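Worksheet: the structure to be examined is printed underneath.
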Ligand SMILES: [Mg+2]
């Protein structure tokens, strides 16, 4: 699976005037945080944990920011170009550090898409297509430049779009490393030198997403971003019990070879990712207290499940497990805890650690104790006793009107 993302953070941001005199545009504060922090959060939660920042102007500040953003499981590096060589030149200088395929993001736009859907399936390793671009439909392309899409191929990139509705570049790309070899001599720009060249050869695919999009490089949108971006981070959440809901309940499963996905389970998670929900797993693992397996087995299994999900364009934002039991095993696992369902501890922890909007959030479980945990956490709980999980989730979304909701910045 794809784990690498490269973010272009060398932009000077001249359109924003004095704001960027001493600060690279991606570090400008938005709702009290550097804009770039939102991009890194978004990548990391969706499983892209190897992030390379390509810095130029005031690269020292980007490097300091990297230190502040470090967290377990995240590899975050910054490369500052010695002299301005354009976005293309910057990418070429790190070509030996690039995976065969990787995500590339503009550091001054936020496009709220399911990145695992976007990168699935990967580009064919020996095919003619070297790039995929995420596209946004807008009411007026005039200020952006527009993209001409024919079936799934980009056939033209117009620098100034005609007035009226159309498609624009959403600033997120899937790139084959072979595309880097096609860069013209430095200095050069990926957007204005490489992509038009590839488009002329039919070597770029486009995928359209009607999701929240904002470009902070434009003064009006930078002002709008101050409230719109923090508000857009607040999401409804879906909580899933694991055994008997996502995978068949065989009793104390703790290894990948013991996991059989339930019908529609992975599709259901993807549907929620596509709709902008946070997705959590909340699972009682009393087998740990009983000494049948360790917490490291639980974590390893969940990492495996995550990669299985990502292969079909889905992801879980966090797995929470309760290793305790009131009557079995030894301390510290033998205890009356607050996390074992029907107690709501795992749900409350997720709601404290993530920007969850409780209204419209829900849990799906296969036992009454699951539903009770949901009720105690103040959200809706649904009992799922078999059948297609995706159909159940589609029904829940349709009833709440979420399935058809299109979020826009303007
Ligand atoms: Mg269960």
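Residue numbers (the numbering used here): 349 to 758.
Virtual Cβ for every residue (Gly too), placed ideally from N, Cα, C.
All values derive from a computational prediction rather than experimental measurement.
If the five residues before and after residue 703 are omitted, its C-beta is found closer than 6 Å to the C-beta atoms of 581 and 582, all from its own chain and listed in chain order. Distance from the C-beta of residue 593 to the nearest heavy atom of ligand 1 is below 7 Å. By the C-beta density criterion, residue 700 is exposed, having fewer than 16 other C-beta atoms within 10 angstroms.
Cβ-Cβ distances below 6 Å link residue 613 to 594 and 737 in the same chain, with the five nearest sequence neighbours on each side left out; the list follows chain order. Residue 732 sits away from residue 719, with the two beta carbons spaced by 8 Å or more. Out of 527, 459, 664 and 604, the CA that lies nearest to the CA of residue 559 is found in 459.
Selection 628, 663, 687 and 553 evaluated against residue 673 yields 687 as nearest (Cα-Cα). Residue 429 counts as buried, since no fewer than 16 other beta carbons sit within 10 angstroms of its beta carbon. A Cβ-Cβ separation of about 10 Å leaves residue 371 out of contact with residue 360 under the 8 Å criterion. Taking C-beta atoms under 8 Å as the contact rule, residue 502 and residue 376 fail to qualify, at a distance of about 30 Å. Distance from the Cα of residue 447 is smallest, within the candidate group 645, 354 and 417, for 354. The shortest CA-to-CA distance from residue 721 to any of 358, 695 and 707 is the one to 695.
In this structure, residue 637 keeps its C-beta atom at 8 Å or more from the C-beta atom of residue 590.
The Cβ atoms of residue 394 and residue 663 lie closer than 8 Å to each other. Note on geometry: alpha-carbon atoms of residue 745 and residue 431 lie some 51 Å from one another. The beta carbons of residue 401 and residue 357 sit about 5 Å from each other, so the pair counts as a contact at 8 Å.
Taking the Cβ of residue 408 as the reference point, every heavy atom of ligand 1 lies at 7 Å or farther away. The Cβ-Cβ distance between residue 461 and residue 424 does not fall below 8 Å.
The Cβ-Cβ distance between residue 444 and residue 478 does not fall below 8 Å. Take residue 413, set aside five residues on each side of it, and the residues of its chain with a beta-carbon closer than 7 Å to its own are 375, 382 and 384, in chain order.
Looking at the DSSP output, residue 673 bridges to 682. Under DSSP, residue 535 takes part in no beta bridge, so it has no partner. The DSSP-derived three-state label of residue 583 is strand. Per DSSP, residue 572 has no beta-bridge partner at all.
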